[in-house]
Amino acid sequence: GAVVSQHPSRVICKSGTSVKIECRSLDFQATTMFWYRQFPKQSLMLMATSNEGSKATYEQGVEKDKFLINHASLTLSTLTVTSAHPEDSSFYICSARDWRGSYEQYFGPGTRLTVT
Amino acid sequence: GQQLNQSPQSMFIQEGEDVSMNCTSSSIFNTWLWYKQDPGEGPVLLIALYKAGELTSNGRLTAQFGITRKDSFLNISASIPSDVGIYFCAGGRTGNTPLVFGKGTRLSVIA
């Protein structure tokens, strides 16, 4: 149980284009999903908290117009990196929390984004 | 944002040895969780602790929720090569607030 998928696992895009990353909870409903960014050999950096049916809450320093988050259903959240630049290249990981209020967050396998 | 103090940052051990790592915080948490991350993958939940003083095992892993609610440790007994990875502690408070993560302990096991 508690499986979270992410798609795509790897993506290479050209500078100036937009990329959408999907995060799905496969066997549970997630009222809250989280998006993280991770640089090499560093910890997880929370970008935003996404609640189903409402606007995402972004962490300080994260541009909400650049990193668009949509949590349209209890099993799907998407992160769109708009007008991507090489500095946006990173490992993006989502996590989901069960709607029943557990503190436990289950992570997806991550998406490696490379912007050329 | 706030991060937990996790130590050690990295460790190199011989296969078969026991490992111990810990996390401390200046504020209390209602839950402590331990995750393991393999290269190029997302973190995987190992153990979740919900009560102060709680001691929980998962195979060769044992974790404890500190009595003050400000710390937790993770022990790995009889390490094996597949234990290699980065271990993260995480503290949780209430409601929909996100977990607070430590900076990770990078474990290397020498066969």
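Chain order of the listed sequences is H and D.
Per our numbering, residue 1016 is the first one in the first sequence, and the count goes up by one each step.
Per our numbering, residue 28 is the first one in the second sequence, and the count goes up by one each step.
Idealized CB from N, CA, C, for every residue including glycine.
For residue i, name the three-state secondary structure that DSSP assigns.
i          : result
GLU1119(H) : coil
ASP65(D)   : coil
ASP1113(H) : strand
What separation, rounded to the nearest whole angstrom, lies between the Cα atoms of residue i and residue j?
i          : j          : result
ASP1103(H) : THR1095(H) : 12 Å
GLY93(D)   : ASP1113(H) : 25 Å
GLN91(D)   : SER1030(H) : 47 Å
ALA105(D)  : THR121(D)  : 35 Å
LEU82(D)   : LEU88(D)   : 11 Å
GLY118(D)  : ILE137(D)  : 30 Å
PHE1043(H) : PHE1106(H) : 24 Å
GLY1119(H) : GLU1067(H) : It should be pointed out that residue 1119(H) corresponds to Glu in this sequence rather than to Gly. Those two C-alpha atoms are separated by around 17 Å.
ASP45(D)   : GLN30(D)   : 26 Å
ILE55(D)   : ILE1084(H) : 31 Å
SER1040(H) : VAL1018(H) : 6 Å
ILE40(D)   : SER135(D)  : 6 Å
THR132(D)  : ILE1027(H) : 30 Å
ILE74(D)   : TYR62(D)   : 7 Å
VAL1054(H) : SER1117(H) : The displayed chain sequence assigns Phe, not Val, to residue 1054(H). The alpha-carbon atoms of PHE1054(H) and SER1117(H) are separated by roughly 28 Å.
PHE100(D)  : SER47(D)   : 7 Å
Exercise for the section: Counting only runs of 3+ residues fully inside the stretch 1064-1097 of chain H, write out the beta strand (DSSP E) ranges in chain order. Expected result: 1082-1088, 1091-1096
Exercise for the section: Scan the stretch 76-134 of chain D and note each continuous alpha helix (DSSP H) run of 4 residues or more that stays entirely inside, going in chain order. Expected result: As far as the stretch 76-134 of chain D is concerned, it has no whole alpha helix (DSSP H) run of at least 4 residues.
Practice task
Output the residue ranges of the beta strand (DSSP E) runs that lie fully inside the stretch 1036-1060 of chain H and measure 3 residues or longer, sorted by chain position.
Solution key: 1045-1053
Handout entry: contact_flag[the stretch 1073-1089 of chain H, the stretch 34-50 of chain D] where n(CB pairs < 8 Å) is 3 or more
Key = no
Problem - Residues in the stretch 1102-1129 of chain H having any Cβ partner in chain D nearer than 9 Å - result: PHE1106, ILE1108, CYS1109, SER1110, ARG1112, GLY1116, SER1117, TYR1118, GLU1119, GLN1120, TYR1121, PHE1122, GLY1123, PRO1124, GLY1125, ARG1127
Practice task
Determine, using beta-carbon pairs with one atom in the stretch 1016-1024 of chain H and one in the stretch 1076-1092 of chain H, whether at least three such pairs fall under 8 Å.
Solution key: At 8 Å Cβ cutoff, the stretches do not touch.
Exercise for the section: State whether the stretch 1121-1128 of chain H contacts the stretch 1060-1067 of chain H, with contact taken as three or more CB pairs (one from each stretch) at a distance under 8 Å. Expected result: Of all C-beta pairs linking the stretch 1121-1128 of chain H to the stretch 1060-1067 of chain H, fewer than three are shorter than 8 Å, placing the two stretches out of contact.
Exercise for the section: Please name the residues in the stretch 1045-1069 of chain H whose beta-carbon is closer than 7 Å to at least one beta-carbon of chain D, in chain order. Expected result: THR1047, PHE1049, SER1058, LEU1059, LEU1061, THR1064, ASN1066
Exercise for the section: For the stretch 68-95 of chain D, enumerate the residues whose C-beta is nearer than 9 Å to any C-beta of chain H, in chain order. Expected result: GLU68, GLY69, PRO70, VAL71, LEU72, ALA75, TYR77
Handout entry: Against chain H: residues of the stretch 34-49 of chain D by CB proximity under 7 Å
Key = none
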